[in-house]
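Its first residue numbered 99, the sequence shown is counted upward by one per residue in our numbering.
Backbone N, C-alpha and C define an ideal beta-carbon position, used for all residues, glycine too.
Notes for the one structure printed next.
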Amino acid sequence: MNDHRRLGRELGIFDTDPLIGAGLPFWLPAGAAVRKAVEDYVHELERRNGYQHVNSPVLGKRELYERSGHWAHYAEDMFPPMEVGGEEFVLRPSLCPHHAIVYRSRQRSHRELPLRIAELGGMYRSELSGVLGGLTRVRAIQLNDGHVFCAPDQAAAEVSAALDLIEAAHERLGIRAARYRLSLRGEGAKFVDDPAMWARSESVLREVLKERGRACDEERGEGAFYGPKIDIQIADPAGRESTLSTVQVDYFQPERFDLRHPGGERPVMVHRSVVGGLERLVAHLIEVHGGAFPAWMAPVQAVVLPLSDAEHAGAEQVLRRCVEAGLRAELVPAGRGSLGARIRAHRLVPYQLVVGPRELAGGGAAVRLRDGSQVGEVPIEQLAARSRPFG
Ligand SMILES: [Zn+2]
């Protein structure tokens, strides 16, 4: 079974150390490479779909979260405040309040709307150490987040567009959703008590799901504190489910932050995460692909293998051309074992470039794929082009 904790260590993706703390994994070079490839892909996907990217701080004053409603409804999942200079600061439990502030930081004109902003940023959860493990239960999350500020009659279209984005990303990443879930409010103080507001946002989500013909289970008590969510669930090899991607319709925070469109009307905030937190996403990708990542996200995309020491200098040239073409590549010298042994040791690398006497004469390399097929000499530029998520 592909357990991401075992494979993640074997592949050099991540590790943890008690001195840093439980639930605070660090990314090793192979993991950082996968993560960067995924980050770049999602950034570009969002850019192509009308998002503008912002960056905001990972903490804010306690008053910010009192305003957003987190303090009243979400405090038990938040780290306690830190006092500095007579003020209290909190590690943020979500990016939403910062993005509401970004929206209202200047007068908005009609041609800016709907305003779609996105950020890959840190958020923090005070999970108890007993439940922490691997990349799936962590205290620090790098979240792919985004918020669309639009008119009420645009909300359904924006929810649908967010689902398009999510579905496109899942396909490119090789992920299959276990199911869609409509997560509704439950009992108690965890949820904002405004039945009319909940009914309004639920009806938008239901309308979109119906229009898309998407079957969806409903679950009470799984909504955000301010509104219902469409959750896209994934399952690990043991069948345990978790939420990867989400879309929410929110009338609450625009009210709390007194957001206005030009003309004075209140915008709706559509919250969406295309791929969720990068920790959980990469954990899932490790399990789904068993370490044989698609070429565009593989930690090492090409390995250059000289047949013998006689081809070493030629192999170095091939390596340099790979690196300059944008490939993550490495050279494994003949001294590290027979060609067969070196191929086996790098069987997860998408392109294995063998340099023998014939290739040395031609200045190229014979390309072997992970499935063992030989595709002969392929120009390095072409390999690089095949190793990009958008081609
Ligand atoms: Zn949000």
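Test item: CB-CB of residue i and residue j under 8 angstroms
i           : j           : result
residue 375 : residue 346 : no
residue 233 : residue 381 : yes
residue 144 : residue 216 : yes
residue 317 : residue 342 : no
residue 290 : residue 254 : no
residue 159 : residue 181 : no
residue 372 : residue 140 : yes
residue 482 : residue 403 : no
residue 366 : residue 194 : no
residue 370 : residue 331 : no
residue 218 : residue 240 : yes
residue 198 : residue 350 : no
residue 122 : residue 110 : no
residue 478 : residue 393 : no
residue 489 : residue 475 : no
residue 368 : residue 200 : no
residue 246 : residue 293 : no
residue 222 : residue 235 : no
residue 484 : residue 468 : no
Residue environment, residue i, which counts as buried when at least 16 other CB atoms sit within 10 Å
i           : result
residue 183 : exposed
residue 327 : buried
residue 329 : buried
residue 117 : exposed
residue 190 : buried
residue 208 : exposed
residue 98  : Residue 98 cannot be examined here, being either before or after the span of the chain that is shown, 99 to 489.
residue 377 : buried
residue 436 : exposed
residue 135 : buried
residue 192 : buried
residue 411 : exposed
residue 352 : buried
Chain C contact for residue i (CB, 8 angstroms cutoff)
i           : result
residue 238 : Here there is only one protein chain, and chain C is not present.
CA-to-CA distance, residue j to residue i, given in whole angstroms
i           : j           : result
residue 275 : residue 177 : 31 angstroms
residue 157 : residue 405 : 54 angstroms
residue 449 : residue 457 : 16 angstroms
residue 287 : residue 304 : 24 angstroms
residue 511 : residue 224 : Given a span of 99 to 489 for the chain in the structure shown, any question on residue 511 remains unanswerable.
residue 271 : residue 379 : 10 angstroms
residue 172 : residue 242 : 20 angstroms
residue 427 : residue 421 : 6 angstroms
residue 285 : residue 175 : 18 angstroms
residue 168 : residue 431 : 56 angstroms
residue 300 : residue 105 : 40 angstroms
residue 447 : residue 401 : 7 angstroms
residue 262 : residue 308 : 15 angstroms
residue 147 : residue 162 : 30 angstroms
residue 214 : residue 259 : 11 angstroms
residue 297 : residue 348 : 11 angstroms
residue 334 : residue 473 : 34 angstroms
residue 279 : residue 338 : 15 angstroms
Cβ-heavy atom distance, residue i to ligand 2, below 7 angstroms
i           : result
residue 334 : Ligand 2 is not part of this structure, which contains only ligand 1.
message = With three or more beta-carbon pairs closer than 8 angstroms as the criterion, would you say the stretch 385-399 touches the stretch 353-361?
response = no
message = With three or more beta-carbon pairs closer than 8 angstroms as the criterion, would you say the stretch 121-130 touches the stretch 397-413?
response = yes
inquiry  = Tell me whether the stretch 141-161 and the stretch 415-432 touch, counting them as touching only if at least three CB pairs, one residue from each stretch, are closer than 8 angstroms.
reply    = no
query = Hey, which residues come within less than 5 angstroms of ligand 1, measuring from Cβ to any heavy atom, in chain order?
reply = 194, 369
inquiry  = Could you check whether the stretch 462-479 touches the stretch 446-454, counting it as contact only if at least three pairs of C-beta atoms, one from each stretch, sit closer than 8 angstroms?
reply    = yes
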